[in-house]
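Undergrad:
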Amino acid sequence: MAETSGNGKVIRVEVLRYRPEQDEEPFLQGYDVPFTDDMSVLQGLQYIKDWLDGTLSFRWSCRMAICGSCGMMIDGEPRLACKTFLRDFPAGTVRVEALAHFPIERDLVIRMDDFLAKLERIKPYIIPKEERTLAQGEYLQTPAQLDVYEQFSSCINCLLCYAACPQYGLNPDFVGPGIMALLHRYNADSRDGAAVERMEIAGSEAGVFNCTAVGYCSEVCPKHVDPANAVNQNKTRAAGDYFLRLVRPKGGAK
Amino acid sequence: MNTPDPRRPYVRPMAGWWRRNPFFVEYMVHEATAFFVAAYALVLLVGLLRLAQGEVAWNGWQEALRSPWSVAFHGVLLAAMCYHSWTWFRIMPKTMPPLAVRGKRVAPGVITACGVAAAVVCSLVALVLAWGATR
Amino acid sequence: MKPINRRSNAPVFWGLFGAGGMLAALFGPVLVFITGIAVPLVLILPADAMSWPRMQAFAQHWAGKGLLFVVVALFMWHAMHRILHSLHDLGVHAGTALKFACYGLALLVTMTAAWILVAVGF
C-alpha cells in the first residue's frame, strides 16, 4: 500500500495508545499516513500497523460496515472506522480513540464483557409463543407485523450507541441502548412469546428508566436503528406493567 | 477502577463529558429549562398564597408582577418555556410507538410539527378563554 | 441483589415528569405570557383581568381549583425529576438523600398548593 499511495497526500493520525503492561494511562501518539481519497480510517490504521508501528492494536474484520468490529471515537464521535474516510478530515489531522464509556483493554480495543453478559440475559432469540412441529409448517407473519420490529433487527452490536450514551458512561449497570433495541426486536415480534420475561429486565433498576432521552444513540447508529425509540417505547410499557400489577395483584408476584 | 485484574483495563473518567460534544451541550441546555419550570411553579405558588391571604396581599403580589424586573424575568421564563416546548416535541417521535396513518408510517418531522401545532392551538384557546372571561 | 433483578419504582416519578412536561410544553408558554407579561403590561387582556374578586372566584370554583393545582404540582414534579437527573449528569449521583430532597420538594409544593386551595374555600 505504501508504494501505491502516490498522490502526495498525508494525514496526521493521532491514536490513543494504552499498553497495560507498560503505560500508567493512555496517551496520544501521532503517525503521518499517506493516503488516497478512497481510503477509510480503518485502512489508515492498517497502514500504520503494516508500515509504521506493528504494536498498534485494533479490532476489525469485514471492512464493509456489517461486522460491527471497528467502532471507535473518530474526532470525538463514535464511528465505524471502515465507514469513515480520511479525505473527510480536511484539516489534515484526525484523532482516533477507543470507544467511549468502555474500559480500554489495549489501544483501540475495548472490553465488551459487560455488553455480552447483558446480551445473554435478554435471550436475543425467538422463543415461540406456541411450538409448531415441522409438519405444521412455518411461523407466518404479515408485512405489518414485520414492520414493527424490522429496523431493530439491523443492529450489528457495534456499540457505537453505548459510546454515545452518557447514561451508560455514568452508570454501567444501565442495560443501555443497543441491548434495548435487541430486546425490543424480539418483544415486538409477533412470533415471540417471552416478552413478559424480558420486560423484567427493561423495568428493572438497570433498565429503561436510566435513559434521559439524550437521543444521540440513534444519531450515531451506522445501520439506522433507532435505539432511543426502543428504550422509550419500553418506558411506556414498563410503566404500564408497573401500574397494572397493582390493579391485578395476582400477576405481580415477581 | 483499580481492579486486581492483571489485564489492567483502563476506565476513562466521565467528568466534563457534556462539554465533549455539541449534541451533549444542547442536551444540558434543554434539561436546564427545568429550573425555569420550577421557578414558574414557585411564582404561581406564591400567588396562590397571596390570594389566600386576602385582597391587600394579592394586590401587593400583582404590584410586584408589574415591576420591570418581574416582567424581564417572565420574558426569560417565556423563552425557556418555548424552548422546553420545542425540545419536548422534537424528541417526541423517538419516545412514541410507531404511528401509522392509512398503512403508512408517520414521519418524525410530522409528529414534531403536530406537537408544535398542538401547543400553538392550546395557547390560542387559553388566550381566547382568558380574554372572553375577563372582558 | 443486582439492579438488573430489582423492579424500578421510577414509573411513578417518570409518569409525573411526563405529565408535567407535556402540560408545560402545551400550556407553559401561554401561562407565563398571561400571568407574567400580558396582565402586568395590560396587553390584550384588560387591566383588571387578574383582580382579586375574579381570581378568588376562580380559585373557589372546582374547575379553577383543579387547574391551579394540576399546573403547580405537575410543573414542580416535572422540574424536580429533571433536575435530579441533571445533577446525576453532572456527577452528583442520586443517592437516597438527594432523591428525598428533590421529590420531597415537589411533594411539599404539591401539599402546600392543596392546602392553600382548600383554605381559599369553595
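Protein chains in written order, with the working numbering: chain A, 4 to 257; chain B, 17 to 151; chain C, -15 to 106.
A virtual CB, placed ideally from N, CA and C, is assigned to each residue, including glycine.
Considering P81(A), what are the terminal residues of the beta strand (DSSP E) in which it resides?
TA: 80 to 83
Undergrad: Around the C-beta of F177(A), are 16 or more other C-beta atoms found within 10 angstroms, so that it is buried, or is it exposed?
TA: buried
Undergrad: CA-CA distance, A(-6)(C) and R201(A)?
TA: 18 Å
Undergrad: Nearest chain B C-beta to P13(C) closer than 7 Å, yes or no?
TA: True, the Cβ-Cβ gap to chain B drops below 7 Å.
Undergrad: Checking 7 Å against the spacing of the C-beta atoms, do C158(A) and V228(A) come in under that value?
TA: yes
Undergrad: Using a C-beta cutoff of 7 Å, does A8(C) count as contacting chain A?
TA: By this cut-off, A8(C) is not an interface position.
Undergrad: So the candidates are Y128(A), L111(A), R20(A); which of them puts its Cα closest to the Cα of G74(A)?
TA: L111(A)
Undergrad: Using a beta-carbon distance below 7 Å, is L65(B) in contact with chain C?
TA: So yes, L65(B) belongs to the interface.
Undergrad: Give me, in chain order, the residues of the same chain whose beta-carbon lies closer than 6 Å to that of G131(B); leave out the 5 immediate sequence neighbours on both sides.
TA: F105, M108
Undergrad: Roughly how many angstroms lie between the CA atoms of A241(A) and C214(A), to the nearest whole one?
TA: 13 Å
Undergrad: Alpha carbon to alpha carbon, how far is I51(A) from L45(A)? Give it in angstroms, no decimals.
TA: 10 Å
Undergrad: Give the range of the beta strand (DSSP E) segment to which D40(A) is assigned.
TA: From DSSP, D40(A) is part of no beta strand (DSSP E); its letter is neither H nor E.
Undergrad: I'd like the list of long-range same chain contacts for F52(B), defined as Cβ closer than 8 Å, with 5 residues on each side in sequence excluded.
TA: V92, L93, A96, M97, H100
Undergrad: I'd like to confirm the pairing. Which residues does DSSP put opposite E17(A) in its beta bridges?
TA: G33(A), R98(A)
Undergrad: Determine the extent of the alpha helix (DSSP H) in which G5(C) is found, giving its start and end residues.
TA: -6 to 16
Undergrad: To the nearest angstrom, how far is the alpha carbon of A101(A) from that of P127(A)?
TA: Rounded to the nearest angstrom, the two C-alpha atoms are 26 Å apart.
Undergrad: What is the DSSP secondary structure of I77(A), counted as helix, strand or coil?
TA: strand
Undergrad: Exposed or buried, which one is N(-11)(C) when buried takes at least 16 other CB atoms within 10 Å?
TA: Note on N(-11)(C): under 16 other CB atoms within 10 angstroms of its CB, so exposed under the neighbour-count rule.
Undergrad: Would G5(C) count as contacting chain B if we go by Cβ distances under 7 Å?
TA: yes
Undergrad: Would the stretch -1 to 9 of chain C count as touching the stretch 60 to 69 of chain C if we require 3 or more Cβ pairs under 8 Å?
TA: The stretch -1 to 9 of chain C, when compared against the stretch 60 to 69 of chain C, does touch it at the 8 Å Cβ threshold.
Undergrad: Compute the beta-carbon to beta-carbon distance between V87(B) and L101(C), rounded to the nearest angstrom, for a pair I have assumed lies under 8 Å.
TA: That belief does not hold up - the Cβ atoms of V87(B) and L101(C) are roughly 27 Å apart, past 8 Å.
Undergrad: Per DSSP, K120(B) is paired with what?
TA: Its beta-bridge partners are V117(B).
Undergrad: Between the C-alpha atoms of A68(A) and G88(C), what's the straight-line distance to the nearest angstrom?
TA: 49 Å
Undergrad: Cβ of Q236(A) less than 7 Å from any chain B Cβ?
TA: yes
Undergrad: Please report how far the alpha carbon of R36(B) lies from the alpha carbon of G79(A), in whole angstroms.
TA: Looking at the two C-alpha atoms, the distance is approximately 7 Å.
Undergrad: Just the Cα atoms here: how many angstroms apart are V41(B) and E141(A)?
TA: 50 Å
Undergrad: Kindly indicate which residue of T128(B), A73(B), Y56(B), R28(B) has the alpha-carbon position closest to the one of T103(B).
TA: T128(B)
Undergrad: Could you tell me the alpha carbon to alpha carbon distance between T16(C) and V62(B), rounded to whole angstroms?
TA: Here residue 16(C) is Val; the residue named in the question, Thr, does not match the sequence. If I take the Cα positions, the gap works out to 14 Å.
Undergrad: Between A191(A) and V234(A), which are expected to be in contact by the criterion C-beta below 8 Å, what is the C-beta distance as a whole number of angstroms?
TA: About 13 Å separates the beta carbons of A191(A) and V234(A), which is beyond the 8 Å limit, so they are not a contact pair.
Undergrad: DSSP three-state call for I107(A): helix, strand or coil?
TA: strand
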